[in-house]
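Asker: In the working numbering, the protein residues as written are 250 to 590.
#1: Whole angstroms are fine: how far does the CA of residue 465 sit from the CA of residue 303?
#2: Note down, in chain order, each residue of its chain lying with its Cβ closer than 6 Å to the Cβ of residue 484, except the 5 sequence neighbours on either side.
#3: So for residue 447, helix, strand or coil by DSSP?
#4: For residue 538, which option in 553, 531, 526 has the closest C-alpha, if you only look at C-alpha atoms?
#5: For residue 427, which residues of its own chain have a beta-carbon under 6 Å away from its beta-carbon, when the five flanking residues on both sides are left out?
#6: What number of angstroms, rounded off, separates the C-alpha of residue 573 from the C-alpha of residue 582?
#7: Assuming residue 513 contacts residue 495 under a Cβ cut-off of 8 Å, what Cβ separation, rounded to an integer in Å, is found between them?
#8: Would you kindly work out how many angstroms separate the C-alpha atoms of residue 253 and residue 535, rounded to a whole number?
#9: Given residue 477, which residues of its chain have a CB within under 8 Å of its CB, disregarding the five upstream and five downstream residues?
#10: Compare the beta carbon distance of residue 337 and residue 382 with 8 Å and say whether it is the shorter of the two.
#11: Rounded to whole angstroms, what's the CA-CA distance from residue 517 to residue 421? Just pull it up for me.
#12: Taking C-beta to C-beta, are residue 367 and residue 398 nearer than 8 Å?
#13: Which stretch, first to last residue, makes up the beta strand (DSSP E) that contains residue 379?
#14: In the DSSP assignment, what residue or residues form a beta bridge with residue 485?
#15: If you follow the beta strand (DSSP E) that residue 416 is part of, which residue opens it and which one closes it?
#16: Can you check whether the CB of residue 274 is closer than 8 Å to the CB of residue 316?
#17: Which residue wins for smallest C-alpha separation from residue 270, given the options 291, 584, 276?
#18: Specify, as a first and last residue, the run of the beta strand (DSSP E) that residue 355 falls within.
#19: Is it buried or exposed, residue 300, if we count other Cβ atoms within 10 angstroms and call 16 or more buried?
#20: When you compare only the Cα positions, how much space is there between residue 250 and residue 533?
#21: CB-CB under 7 Å to residue 370, same chain, minus the five flanking residues each way: which ones, in chain order?
#22: Could you have a look at residue 258 and say whether DSSP puts it in helix, strand or coil?
#23: To the nearest angstrom, how far is it from the Cα of residue 293 to the Cα of residue 463?
#24: CA-CA distance, residue 454 and residue 425?
#25: Does residue 395 come out as helix, strand or coil in the three-state DSSP assignment?
#26: If I follow the unbroken beta strand (DSSP E) through residue 305, where does it start and stop?
#27: Please return the same chain residues whose Cβ sits closer than 6 Å to the Cβ of residue 545, not counting the five positions on each side in sequence.
#28: For residue 345, I'd like the list of residues in its chain whose CB is within less than 7 Å of its CB, leaving aside the five on either flank, ordered along the chain.
#29: Distance, Cα to Cα, residue 319 vs residue 579?
#30: Spatial neighbours of residue 356 within its chain, please: CB distance less than 6 Å, with the 5 preceding and 5 following residues excluded, ordered by chain position.
#31: Short check: CB of residue 393 to CB of residue 405, under 8 Å?
#32: Does residue 522 come out as helix, strand or coil in the three-state DSSP assignment?
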């Protein structure tokens, strides 16, 4: 492993999981780091690198690991069509929500942790507040992404040629974004005023709710590839996006709906993922050749590191400037980030 370029990124620990890491996530408390692998293992590590458990959660690759907001359970989805619930602190199985014949690829918890949505193919699975799971099949194509609104009353689902909103209670979908391509990413802003979708054909679409008016659809083009990753700033109407080798920041005017773009150029290869820290002071981006860049609040590179293999997942530890990094070679690393000396 190559050493970090800047002395402000210290490698706390690294462990080899054997198979490619497909997804990582922290418990809300920051006490456990969870990872899913291409061979179906769910692994939980403490911050001191001691593993809590390592279980065969799925018969094929895990596609998503998603802890609930209370930190009591963890949802997983897999290529075997399974949507599963596990006890967060022990890894004990709790519930099987679905066994679909298609890959189960997407999961999203409501903000209060009482509702869980999952998707496989064109089917949407919803576990309600009473623990009952229902199924809907009305999308025009496979579901590409799911995201609950911050207040938890609406669920957004992205698919071919559009984004739909499902209202809690009626569960009648309404199309709120329309476009010719297929969506590949989806994310709400912190205040629920904006909903963004990235598409296969290199466009970014945003549904922006302006004060005292109807929602407006914004369209942004110019990406050389599919817009695979989105990350909203936790306090501002600013979204970090990637659809090539550059990070593109879009700043939105909440009153007039104007937008401005700032490209961040440091990567030489296609970006795979990006993520804002929980306080918004840092932005991490990573690419197919293993470069990880950390951008500061002025959109300057604070430091960078070369890890040698494609980065598949990034996750900031809640309440700390620690970044977990997963890669295609099966390495899981935790970096402690500090100020430059």
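Even for Gly, the Cβ is constructed at its ideal location relative to N, Cα and C.
Answerer: The short version:
#1: Residue 303 sits at position 54 when you count from the first residue of the chain shown. Residue 465 sits at position 216 when you count from the first residue of the chain shown. Distance between the alpha carbons of residue 303 and residue 465 is about 46 Å.
#2: Locating residue 484 in the chain shown gives position 235, where the first residue counts as 1. Exclusion of the five residues before and after residue 484 leaves 529 as the residues of its chain whose Cβ lies within less than 6 Å of its Cβ.
#3: For the purposes of this step, residue 447 is taken as the residue at position 198 of the chain shown. In this structure, residue 447 counts as strand in the three-state DSSP scheme.
#4: Residue 538 sits at position 289 when you count from the first residue of the chain shown. That would be 553, whose Cα lies nearest to the Cα of residue 538.
#5: Within the chain shown, numbered from 1, the residue matching residue 427 stands at position 178. For residue 427, where only same-chain residues beyond five positions count, the Cβ hits under 6 Å are 411.
#6: Working through the chain shown from its first residue, we reach residue 573 at position 324. Working through the chain shown from its first residue, we reach residue 582 at position 333. When rounded, the distance between both Cα atoms is 6 Å.
#7: If you number the chain shown from 1, residue 513 lands on position 264. If you number the chain shown from 1, residue 495 lands on position 246. Here residue 513 really is in contact with residue 495; their C-beta atoms are around 6 Å apart, less than 8 Å.
#8: Counted from its first residue, the chain shown places residue 253 at position 4. Counted from its first residue, the chain shown places residue 535 at position 286. Only weak support is given to the placement of residue 253: the predicted model assigns it a pLDDT of 36, under 50, and the question is left unresolved by the model.
#9: Walking along the chain shown from the start, residue 477 turns up at place 228. These residues qualify, in order along the chain: 433, 434, 447, 491, 492, 520, 521, 522.
#10: To locate residue 337, count along the chain shown from 1; it is residue 88. To locate residue 382, count along the chain shown from 1; it is residue 133. Taking 8 Å as the cut-off, the beta carbon of residue 337 is found no closer than this to the beta carbon of residue 382.
#11: The count along the chain shown starts at 1 and reaches residue 517 at position 268. The count along the chain shown starts at 1 and reaches residue 421 at position 172. Cα to Cα, residue 517 sits roughly 44 Å from residue 421.
#12: As a first step, residue 367 is located in the chain shown; it is residue number 118 there, counting from the start. As a first step, residue 398 is located in the chain shown; it is residue number 149 there, counting from the start. With contacts defined by Cβ atoms closer than 8 Å, residue 367 and residue 398 do not form a contacting pair.
#13: As a first step, residue 379 is located in the chain shown; it is residue number 130 there, counting from the start. No beta strand (DSSP E) contains residue 379, which DSSP labels as neither H nor E.
#14: Position 236 of the chain shown, counted from the start, is the residue given in the question as residue 485. Under DSSP, no beta-bridge partner is assigned to residue 485.
#15: Here residue 416 refers to the residue found at position 167 when the chain shown is read from its first residue. Run containing residue 416: 403-416, per the beta strand (DSSP E) assignment.
#16: On the chain shown, residue 316 is found 67 positions in, with the first residue counted as 1. On the chain shown, residue 274 is found 25 positions in, with the first residue counted as 1. Yes, they are a contact pair.
#17: As a first step, residue 270 must be located in the chain shown, where it is residue number 21. Among 291, 584, 276, the Cα nearest to that of residue 270 belongs to 291.
#18: For this step, residue 355 is matched to residue 106 along the chain shown. Residue 355 -> beta strand (DSSP E) spans 353-358.
#19: Here residue 300 refers to the residue found at position 51 of the chain shown. Around the Cβ of residue 300, a 10 Å sphere holds fewer than 16 other Cβ atoms; the residue is exposed.
#20: Start at 1 with the first residue of the chain shown, and residue 250 comes out as number 1. Start at 1 with the first residue of the chain shown, and residue 533 comes out as number 284. Because the pLDDT of residue 250 is 34, which lies under 50, any placement of that residue in the model is unreliable, and the question is left without a value.
#21: As a first step, residue 370 must be located in the chain shown, where it is residue number 121. In the same chain as residue 370, and ignoring 5 residues on each side of it, the C-beta atoms closer than 7 Å to its own belong to 349, 351, 391, in chain order.
#22: As a first step, residue 258 must be located in the chain shown, where it is residue number 9. The DSSP-derived three-state label of residue 258 is strand.
#23: To locate residue 293, count along the chain shown from 1; it is residue 44. To locate residue 463, count along the chain shown from 1; it is residue 214. Going by the C-alpha atoms only, they are around 45 Å apart.
#24: Counting from 1 along the chain shown, the entry for residue 454 is found at position 205. Counting from 1 along the chain shown, the entry for residue 425 is found at position 176. The straight-line gap from Cα to Cα measures roughly 11 Å.
#25: As a position in the chain shown, residue 395 is number 146, starting the count at 1. Here residue 395 sits in strand by DSSP.
#26: In the chain shown, residue 305 corresponds to position 56, counting from 1. Start and end: 300-305.
#27: Looking up residue 545 in the chain shown gives position 296. These residues qualify, in order along the chain: 551.
#28: In the chain shown, counting from the first residue as 1, residue 345 sits at position 96. Closer than 7 Å at the Cβ level, and outside the excluded window around residue 345, lie 331, 333.
#29: As a working note, residue 319 is residue 70 in the chain shown. As a working note, residue 579 is residue 330 in the chain shown. So the alpha carbons of these two residues sit roughly 28 Å apart.
#30: Residue numbering aside, residue 356 sits at position 107 when the chain shown is read from its first letter. Result list for residue 356: 313, 315, 324, 326, 367, in chain order.
#31: By one-based count along the chain shown, residue 393 stands at place 144. By one-based count along the chain shown, residue 405 stands at place 156. One thing to note: residue 393 has its Cβ no nearer than 8 Å to the Cβ of residue 405.
#32: In the chain shown, residue 522 corresponds to position 273, counting from 1. The DSSP-derived three-state label of residue 522 is strand.
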